[in-house]
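In the UniProt record's numbering, the protein residues as written are 1 to 712.
We put the CB at the ideal spot given by N, CA and C, even for glycine.
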């Protein structure tokens with residue numbers, strides 16, 4: 001018969017100084033993550049029964065995921081904590097966990113963020129309704145970029161337990177001596193802790209409470225002067241002892257600069273800016289002639305100008321207008337057919353100018369407060385230097401030819417896809433070289449073309465290299481594909497991704513999508529709501545009604561902290577390629593000089609939207625959005641909140657007739673009582689109004705939306 005081990009004493013300890021880990025039951029020190037992982041491995045090995053002798057000791061941690069104070073279901077979390085949660089500097093987000101314990105003693109919990117330098121930022125959590133579900137939450141933020149961690153610490157709430165018992169016993173007039181004695185022990189200990197923290201005001205408050213806790217006094221006085229005194233309870237929430245502190249394992253938190261979440265993007269083709277016909281044919285626009293378009297983008301309030309590929313365009317199989325296979329001598333071809341005898345991905349198209357001209361273009365953008373985003377398309381024309389120097393980077397078919405891009409029955413003979421499995425080391429390092437090259441010329445953002453057609457492990461590797469060497473660089477994934485792939489690209493490291501917004505037009509679709517991006521995926525997927533692209537001419541806009549353009553711009557700019565538009569949208573370009581969701585005479589295949597003063601246009605509206613976004617932090621965040629009920633299927637209402645800044649958006653989805661609706665507000669989401677009247681300010685008209693929980697909003701094609709700021 002095996003000899004029984006003597007029971008081990010369980011030490012009652014204060015919160016561990018370590019940033020992560022749990023309290024060791026015997027020594028009262030923090031166990032490391034490695035020790036915890038080893039315990040978990042030992043407890044789950046198939047060749048030994050559970051529990052083992054080593055794990056069958058009271059207080060040993062963790063036992064099948066249970067610490068001394070259980071903490072479960074911590075969110076946000078990505079892939080069970082293996083991949084980082086995303087945030088930007090000063091972005092508030094909510095940490096949630098289920099925290100509970102045996103018996104009736106009170107528990108407390110804190111969300112802990114640990115900076116790259118090891119500084120702890122502790123925010124106490126509060127229990128939220130329904131109380132019976134043990135849900136605790138805290139609103140937190142990180143103040144600097146870098147690789148942080150976050151975890152939850154639960155602890156025995158000694159003051160909360162005493163407070164509950166003292167109130168009940170004093171009201172009943174029982175155990176007064178014991179209540180006072182126990183309370184003085186907690187107060188004296190807290191006073192020492194406040195003194196060690198150099199908080200003389202709190203020391204005085206706690207000291208007075210200890211003196212007042214005299215059993216000779218009446219229970220009513222004890223209740224008033226100690227138990228129900230706000231200053232005492234506030235100080236004790238901070239300085240009371242927190243024994244049995246139990247910490248969850250740390251999850252990674254990647255904190256990036258604010259442009260990774262918030263910004264207004266404007267896309268244009270430099271070759272069309274200043275392009276003109278002569279007797280001998282077309283003359284391309286240049287970087288130099290595009291400075292005026294930079295000034296226009298800045299005047300409209302945009303933060304980022306995005307350029308399609310600026311590299312030499314191949315001649316072989318060059319496409320003509322509307323993607324025809326018979327290009328004429330003056331047709332510029334698709335800029336995505338990259339590479340010619342003039343160079344590849346590290347060269348500029350001579351028709352646009354020189355590399356020095358590009359540097360001046362970037363300098364001009366920076367002087368206007370604009371960042372430059374460059375298209376990064378990993379593909380090649382048949383004329384690309386890679387085809388000759390690295391034929392192994394492409395797929396050779398059984399007939400000996402190089403495979404071109406195709407999506408049968410569509411064929412793209414002017415583009416060769418790269419085969420990432422033939423020479424991964426060579427390709428991977430060439431990609432890093434190219435990114436470093438353009439970063440050296442002032443590019444801070446890359447819009448990656450079709451990343452979903454390249455291996456995910458490749459992108460994970462690239463993003464890790466960039467995060468290590470250039471954490472300021474932002475990558476936008478141009479992936480209109482299946483949800484799982486779009487989300488996986490975000491998890492692999494892309495800061496932003498294109499979205500399904502362009503196809504969400506009905507009220508129910510917009511409601512579902514806003515909830516998804518803000519509540520379901522907002523902790524790792526940052527969408528960019530483009531109203532249109534060179535590839536997508538939305539059906540919603542095909543009739544050219546300027547009210548439709550206004551509606552889509554308002555929705556994009558207010559639903560998502562990052563939004564964008566492709567040039568021509570502001571002057572309501574809309575003529576479709578027959579039977580297709582594309583533009584007739586697409587700029588992808590020809591020059592498109594424009595009259596920017598043409599009518600109708602929504603330039604003034606776009607400018608105002610970008611200013612409203614800059615004025616209101618609520619529009620610069622993703623996760624705090626609430627949908628409000630309307631009684632009309634063409635009226636969509638939602639609010640956003642950042643601290644004290646609360647904005648309400650009510651939009652008509654009918655560009656032809658407008659619509660009116662009763663809007664029923666979720667008053668709690670606005671920070672108001674159900675029966676409270678509240679003042680709002682119209683960001684478009686400047687008018688003020690007073691609204692109630694249910695109010696009527698009338699919208700017209702000339703005024704298809706109300707953007708209201710809640711007045712405090």
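Notebook entry, point to check: Does residue 94 get closer than 8 Å to chain C when you measure Cβ to Cβ?
Noted result: In the structure shown, chain C cannot be found, because there is only a single protein chain.
Check: According to the neighbour-count rule (16 or more other Cβ atoms, all chains shown, within 10 Å of its Cβ), is residue 66 buried or exposed?
Finding: exposed
Checklist line | Helix, strand or coil at residue 464 according to DSSP, with G and I counted as helix | finding: helix
Note to self: Among 154, 145 and 421, whose alpha-carbon lies nearest the alpha-carbon of residue 259?
What the structure shows: 145
Check: Would you say residue 328 and residue 381 are within 8 Å of each other, going by their C-beta atoms?
Finding: no
Next item on the list: Indicate the three-state DSSP secondary structure (helix, strand or coil) for residue 65 in the structure shown.
Entry: coil
Next item on the list: Tell me whether residue 579 sits in a helix, a strand or coil according to DSSP, three-state version.
Entry: coil
Margin query: By alpha-carbon positions, which one of 324, 151 and 134 ends up nearest to residue 736?
Written below: Residue 736 cannot be examined here, being either before or after the span of the chain that is shown, 1 to 712.
Checklist line | Same chain only: Cβ atoms within 6 Å of residue 586, ignoring 5 sequence neighbours per side | finding: none
Next item on the list: Determine the burial state of residue 700: buried for a count of at least 16 other Cβ atoms within 10 Å of its Cβ, exposed for fewer.
Entry: exposed
Check: If you drop the 5 nearest sequence neighbours on each side, which residues of the same chain put their C-beta closer than 7 Å to that of residue 539?
Finding: 581
Margin query: My parser needs the alpha helix (DSSP H) runs of 4 or more residues fully inside the segment 258-325; what are they?
Written below: 291-299
Margin query: Which of the three DSSP states is assigned to residue 393 in this structure?
Written below: helix
Checklist line | Rounded C-alpha distance that separates residue 69 from residue 106 | finding: 11 Å
Margin query: Less than 6 Å between C-beta atoms, sequence neighbours within five positions excluded: which residues of the same chain meet that for residue 39?
Written below: Annotation note: pLDDT 39 at residue 39 (below 50); position unreliable, coordinate value reported separately. Closer than 6 Å at Cβ, skipping near neighbours: no residue.
Notebook entry, point to check: So, is residue 464 buried or exposed, given that buried needs 16 or more other C-beta atoms within 10 angstroms?
Noted result: exposed
Next item on the list: Assuming residue 442 contacts residue 357 (C-beta within less than 8 Å), just tell me the rounded distance between them.
Entry: Residue 442 to residue 357, Cβ: 13 Å. No contact.
Next item on the list: Starting from the Cα of residue 302, find the closest Cα among 397, 264, 174 and 336 and give me that residue.
Entry: 264
Next item on the list: Measure the beta-carbon distance from residue 376 to residue 421 and round it to whole angstroms, keeping in mind my assumption that it falls under 8 Å.
Entry: Not confirmed; about 20 Å, so no contact.
Checklist line | Limits of the beta strand (DSSP E) - the one that residue 447 falls within | finding: 445-449
Check: From this set, 659, 662, 685 and 692, which residue's C-alpha is nearest residue 675's C-alpha?
Finding: 692
Checklist line | Bridge partner(s) assigned by DSSP for residue 530 | finding: 564
Next item on the list: In the DSSP assignment, find the unbroken alpha helix (DSSP H) run with residue 559 in it and report its ends.
Entry: 546-559
Margin query: Looking at residue 187: is its Cβ nearer than 8 Å to the Cβ of residue 216?
Written below: no
Notebook entry, point to check: Using CA coordinates, which residue listed in 688, 653, 642 and 588 is at the minimum distance from residue 319?
Noted result: 588
Check: Which residues in the same chain as residue 504 place their Cβ atom closer than 6 Å to its Cβ, once the five residues preceding and following it in sequence are excluded?
Finding: 510 and 513
Notebook entry, point to check: Which residues mark the beginning and the end of the beta strand (DSSP E) in which residue 135 is found?
Noted result: 135-140
Item checked: Every unbroken alpha helix (DSSP H) within the segment 361-424, with a cutoff of 4 residues, ordered by chain -> 385-389
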